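Structure record follows, encoded as structure tokens.
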Amino acid sequence: MQLKDQLLSKIENRSACIGVVGLGYVGLPLALEFAKAGFKVIGYDVSERVVSLLMSGKSHIQDVSNADLARIVKAGQFEATTDESRMQEMDAVSIAVPTPLAKTRDPDMGFVIAAADAIGRNCRPGVVVVLESTTYPGTTRELLQPKLEAAGLTVGEDVFLAFSPERVDPGNPIWNTKNTPKIVGGITPACTEVATALYATCLDTMVPVSSTETAELVKLLENTFRSVNIGLVNEMAIVCDKLGVNIWEVIEAAATKPFGFMKFTPGPGIGGHCIPLDPHYLAWKMRTLNYKTRFIDLASEINSEMPAVVVRKVAQALNEERKAVNGSRIVPKFREDGHEHASVPLTDDQITRADAVVIVTDHSKVDYQRVVQLAKVVVDTRNATAKLAKGKGRIVSLASASPYATA
Ligand SMILES: NC(=O)c1ccc[n+]([C@@H]2O[C@H](COP(=O)([O-])OP(=O)(O)OC[C@H]3O[C@@H](n4cnc5c(N)ncnc54)[C@H](O)[C@@H]3O)[C@@H](O)[C@H]2O)c1
Numbered sequence: 512m513q514l515k516d517q518l519l520s521k522i523e524n525r526s527a528c529i530g531v532v533g534l535g536y537v538g539l540p541l542a543l544e545f546a547k548a549g550f551k552v553i554g555y556d557v558s559e560r561v562v563s564l565l566m567s568g569k570s571h572i573q574d575v576s577n578a579d580l581a582r583i584v585k586a587g588q589f590e591a592t593t594d595e596s597r598m599q600e601m602d603a604v605s606i607a608v609p610t611p612l613a614k615t616r617d618p619d620m621g622f623v624i625a626a627a628d629a630i631g632r633n634c635r636p637g638v639v640v641v642l643e644s645t646t647y648p649g650t651t652r653e654l655l656q657p658k659l660e661a662a663g664l665t666v667g668e669d670v671f672l673a674f675s676p677e678r679v680d681p682g683n684p685i686w687n688t689k690n691t692p693k694i695v696g697g698i699t700p701a702c703t704e705v706a707t708a709l710y711a712t713c714l715d716t717m718v719p720v721s722s723t724e725t726a727e728l729v730k731l732l733e734n735t736f737r738s739v740n741i742g743l744v745n746e747m748a749i750v751c752d753k754l755g756v757n758i759w760e761v762i763e764a765a766a767t768k769p770f771g772f773m774k775f776t777p778g779p780g781i782g783g784h785c786i787p788l789d790p791h792y793l794a795w796k797m798r799t800l801n802y803k804t805r806f807i808d809l810a811s812e813i814n815s816e817m818p819a820v821v822v823r824k825v826a827q828a829l830n831e832e833r834k835a836v837n838g839s840r841i842v843p844k845f846r847e848d849g850h851e852h853a854s855v856p857l858t859d860d861q862i863t864r865a866d867a868v869v870i871v872t873d874h875s876k877v878d879y880q881r882v883v884q885l886a887k888v889v890v891d892t893r894n895a896t897a898k899l900a901k902g903k904g905r906i907v908s909l910a911s912a913s914p915y916a917t918a
């Protein structure tokens, strides 16, 4: 029997040992799905803290419950380790390590290279390796394939290599790892076949594509689409502010069009570690080919300007209260550039003492009615207070109140 057929039959009868490299937001839920599908799963992570936490049945990821994790650990179906030699037991390896940006906005491929080196050192014939980390087109072929070939393995014959982007949206109550369609693109058709068979054991819908580059670019198109549309709606918020038109009313009305429009909302910039980063992977790759990705650059420019737009709003709101930004007490909510901006619990006392309360994220857990009731000034960048009863303080929206509004 060929190596491919042996591997396919191990996948089908669940005797394959599944490895997940990097046990964070992406890797841990994936490991859980494989375990639920009946596989023995080994999770490899370089962090002792993460590994010992997981082995004690405690999840550090919102989408994985302690109960689910503890159950598979106790049943011996999932084991986390920092010992890279355990990779020798793996028949399939999914890589979900970080792909951050350097300060210069160039890709930092250090984590992927370290993981690929470890796999190269421990790989054997008859294994499928799948990269899940978001990255620039060409990474799987240019960076991973040589590491496997340096170990004397021919990709497509001895080992199978594919890219399959993770599309998880942490905290989303409807779409999760299992029911979000999974894109898979292999270096060869055999690679696509094996990787598709692997994920089909535990995920609902598979979408095979013709190459690793296609699969890599699918993810970047999705997140560039979001970044560009957020950039557009952020610019609309600035336009509306200058025109004295309420941006939220414009968006809600436009969203009643049943076709040809998709709702995006403005905000104080882009959060998380996907949308602000991923398009720059593509922009970087295209710079190496002497092409400037103008939409990506412009969206990034507008989105990066939004924090300054909000700061101007806060200054304006305080000014109208005869206060300067300097010396004003504003509830701090962020951490940046390695500097800790200590956050405080949102108590009645804190809200009352603050000169301005700035809402930068619309969290369902926060009682915004209480904030509106008690705060002196609220600068609401997410329209979180639109449907609330008036409180004692003023609410300043991202867009100013319309002088034309009749209601
Ligand atoms: N979080 C998301 O919502 C999301 C969604 C889609 C795609 N992604 C992408 O998935 C990838 C992983 O993101 P994440 O959010 O899971 O990251 P994370 O920081 O939550 O987890 C990454 C884990 O990898 C470990 N790690 C680092 N180097 C390693 C190595 N050499 N070997 C083994 N483990 C190593 C870290 O200790 C950490 O536990 C990134 O490329 C990210 O862009 C993330």
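Numbering (the working numbering), first residue to last: 512 to 918.
Idealized CB from N, CA, C, for every residue including glycine.
Computed from a prediction, not measured in an experiment: that's the story for all the values here.
- Contact check for Val641 against Ala701 fails: the beta carbons are separated by 9 Å or more.
- With contacts defined by Cβ atoms closer than 9 Å, Val890 and Val825 form a contacting pair.
- One thing to note: Leu534 has its Cβ no nearer than 9 Å to the Cβ of Thr645.
- Within the same chain, Cβ atoms closer than 7 Å to the Cβ of His571 are found at Val561, Leu564, the five residues on either side in sequence being excluded.
- Our two residues, Lys901 and Arg833, have alpha carbons roughly 22 Å apart in a direct line.
- Remark: C-beta atoms of Ala603 and Leu518 approach each other more closely than 9 Å.
- Its chain contains Val739 as the residues whose beta carbon lies nearer than 6 Å to that of Phe806, once the 5 sequence neighbours on both sides are disregarded; these appear in chain order.
- One thing to note: Ile529 has its Cβ within 9 Å of the Cβ of Leu709.
- If you look at Thr735, you'll find it in the alpha helix (DSSP H) that goes 723-754.
- Three or more Cβ pairs drawn from the stretch 712-722 and the stretch 535-553 lie within less than 8 Å of each other, which places the two stretches in contact.
- Assignment of Leu809 by DSSP, reduced to helix, strand and coil, places it in the helix class.
- Lys585 counts as exposed, since fewer than 16 other beta carbons sit within 10 angstroms of its beta carbon.
- When DSSP states are grouped into helix, strand and coil, Phe674 belongs to the strand group.
- Under the three-state reduction of DSSP, Pro719 is assigned to strand.
- Contact between Thr688 and Leu541 is confirmed by a C-beta separation of about 6 Å, below the 8 Å threshold.
- The criterion of a C-beta distance shorter than 9 Å is satisfied by Leu612 and Tyr792.
- Pairing Phe674 with Gly667, the inter-Cα distance amounts to about 14 Å.
- A distance criterion of 8 Å places the beta-carbon of Arg678 in contact range of ligand 1, judged by its closest non-hydrogen atom.
- Annotation: Lys768 to Arg616 spans about 37 Å, alpha carbon to alpha carbon.
- By the CB criterion at 9 Å, Gly782 and Thr872 fall inside the cutoff.
- The C-alpha of Ala748 lies about 31 Å from the C-alpha of Pro618.
- Following the DSSP letters along the chain, one finds Phe545 inside the alpha helix (DSSP H) bounded by residues 538-547.
- Runs of the beta strand (DSSP E) spanning 3 or more residues and lying entirely within the stretch 606-648 occur at 638-642, in chain order.
- Cβ neighbours of Cys785 within its own chain (closer than 8 Å, five residues either side excluded): Thr645, Asn734.
- Here the C-alpha atom of Val670 lies approximately 12 Å from the C-alpha atom of Met601.
- As DSSP reads the structure, Ile870 sits in a beta bridge with Asp891.
- Inclusion of Leu857 and Val877 in the CB contact set at 9 Å is warranted, their separation being smaller than that value.
- Distances from the CB of Lys730 to the heavy atoms of ligand 1 include at least one below 8 Å.
- Under the criterion of beta carbons closer than 8 Å, Val608 and Val532 qualify as touching, at roughly 6 Å.
- At a threshold of 8 Å, Ala586 does not count as near ligand 1, since its beta carbon sits no closer than that to any of the ligand's heavy atoms.
- Straight across, the Cα-Cα distance linking Tyr647 with Lys569 is about 33 Å.
- In this structure, Glu643 has its beta carbon less than 8 Å from a heavy atom of ligand 1.
- In the structure shown, Arg905 adopts extended strand secondary structure according to DSSP, grouped into three states.
- Secondary structure of Thr691 (DSSP, three-state): coil.
- Secondary structure at Tyr555: strand, using DSSP grouped into helix, strand and coil.
- Per DSSP, Thr707 lies in no beta strand (DSSP E); the unbroken alpha helix (DSSP H) holding it starts and ends at 700-711.
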